[in-house]
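In full-length UniProt numbering, the protein residues as written are 1 to 266.
Notes for the one structure printed next.
Encoded structure:
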């Protein structure tokens with residue numbers, strides 16, 4: 001996990017475009033091209049404007065939410081191996097959701113079909129999660145993850161064949177990919193690698209059998225929308241807009257779940 005060179009307790013993905021050192025929002029100085037650290041800004045010899053308050057408040061220390069999500073998924077997988085009833089009771093299965101078991105839309109995001117499924121998703125979470133958690137803070141990052149997981153599940157509920165049972169954190173992971181792309185663009189970072197990862201994973205999604213494209217695409221779109229709401233509003237009203245946007249998206253998901261349930265039941 002990369003940290004600010006002046007504040008080692010702050011995780012960051014920002015770099016000085018002159019010396020390439022990692023910097024946090026408080027150490028960032030706006031430049032004609034990109035952003036500079038304090039020393040490079042002072043050495044430049046030209047007046048620079050101090051950066052506005054960071055787009056999001058960085059969380060210091062260990063990425064406890066990311067590690068907690070990984071631990072929870074591993075424990076859930078162990079429980080699956082110990083009792084097959086857990087899998088059948090918690091995976092996303094449309095008839096069960098329509099029958100009132102709404103919790104499956106979220107619990108399914110912590111279950112996996114086999115060790116490789118778990119390993120791939122947890123590796124992606126381990127790679128992408130800590131930087132996002134550091135940039136967004138624990139509360140916003142948690143909201144992003146859960147909303148992305150729910151967005152993927154809602155897409156499955158709406159679009160997948162009703163006899164299909166799905167599980168996995170892939171929707172949430174795609175949401176983190178989408179958020180990384182949006183936040184990187186907002187911070188004027190090179191996001192070509194992230195874009196390539198998304199494209200490659202989408203190719204796999206649509207070409208390999210038995211992969212839930214609905215969950216992946218739903219999670220990706222949700223992550224992009226949440227990230228836009230978190231980093232693009234004006235600083236003066238950013239916190240309020242972030243909260244309202246999260247609640248509006250949640251309300252939209254609830255409405256879609258209700259509509260789909262009514263369609264299936266009646």
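Heads up, the beta-carbon is just placed ideally off N, CA and C, and yes, glycines get one too.
The structure presented is a predicted model; accordingly, all values stated were derived computationally and were not measured.
Can you tell me where the alpha helix (DSSP H) holding residue 167 begins and where it ends? Element bounds for residue 167: n/a, residue is neither H nor E.
ask   = Whose C-beta lies closer than 6 angstroms to the C-beta of residue 261 among residues of the same chain, with five residues either side of it excluded?
value = 98
Practice prompt. Return the chain-ordered list of same chain residues with a C-beta closer than 6 angstroms to the C-beta of residue 103, the five sequence neighbours on each side being excluded.
Written response: Once the five neighbours on either side are set aside, residue 103 has no close Cβ partner at all.
Next on the checklist: To the nearest angstrom, how far is the alpha carbon of residue 233 from that of residue 173?
Outcome noted: 24 angstroms
* Specify whether the segment 175-186 and the segment 235-244 touch according to this definition: at least 3 beta carbon pairs, one from each stretch, less than 8 angstroms apart. => no
Can you name the start and end residues of the alpha helix (DSSP H) that residue 137 belongs to?
Here residue 137 belongs to no alpha helix (DSSP H), and DSSP marks it neither H nor E.
With a 10 Å radius around its C-beta and 16 neighbouring C-beta atoms as the bar for buried, classify residue 81 as buried or exposed. exposed
- Item | Sub-8 angstroms separation of residue 175 and residue 145 beta-carbons | Yes, the Cβ-Cβ distance between residue 175 and residue 145 is below 8 angstroms.
Which term fits residue 200, buried or exposed, when burial requires 16 or more other beta carbons within 10 angstroms of its beta carbon? exposed
Practice problem: Could you tell me the distance, in whole angstroms, from the CA atom of residue 214 to the CA atom of residue 4? | Solution: Cα to Cα, the separation comes out at about 38 angstroms.
Q.
Between 35, 63, 121 and 39, which has its C-alpha nearest residue 73's C-alpha?
A. Taking only the C-alpha atoms, the option nearest residue 73 is 121.
* Whole-number beta carbon distance between residue 225 and residue 247, since they are thought to touch under 8 angstroms -> Residue 247 to residue 225, Cβ: 13 angstroms. No contact.
Margin query: Taking the beta carbon of residue 166 as the centre, do at least 16 other beta carbons fall within 10 Å, making it buried, or is it exposed?
Written below: By the neighbour-count rule (16 or more Cβ atoms within 10 Å), residue 166 is buried.
* Asked: From what residue to what residue does the alpha helix (DSSP H) around residue 197 run?
  -> 192-207
*What number of angstroms, rounded off, separates the C-alpha of residue 119 from the C-alpha of residue 164?*
22 angstroms
Cα-Cα, which of 94, 203 and 188 is closest to residue 154?
94
Practice prompt. If I'm right that residue 138 touches residue 65 with Cβ under 8 angstroms, what's the distance once you round it to whole angstroms?
Written response: 5 angstroms
*Let me know the secondary structure DSSP gives residue 160 once reduced to three states.*
coil
When DSSP labels each residue in this structure, what does residue 3 get in the three-state scheme? In the structure shown, the three-state DSSP call for residue 3 is strand.
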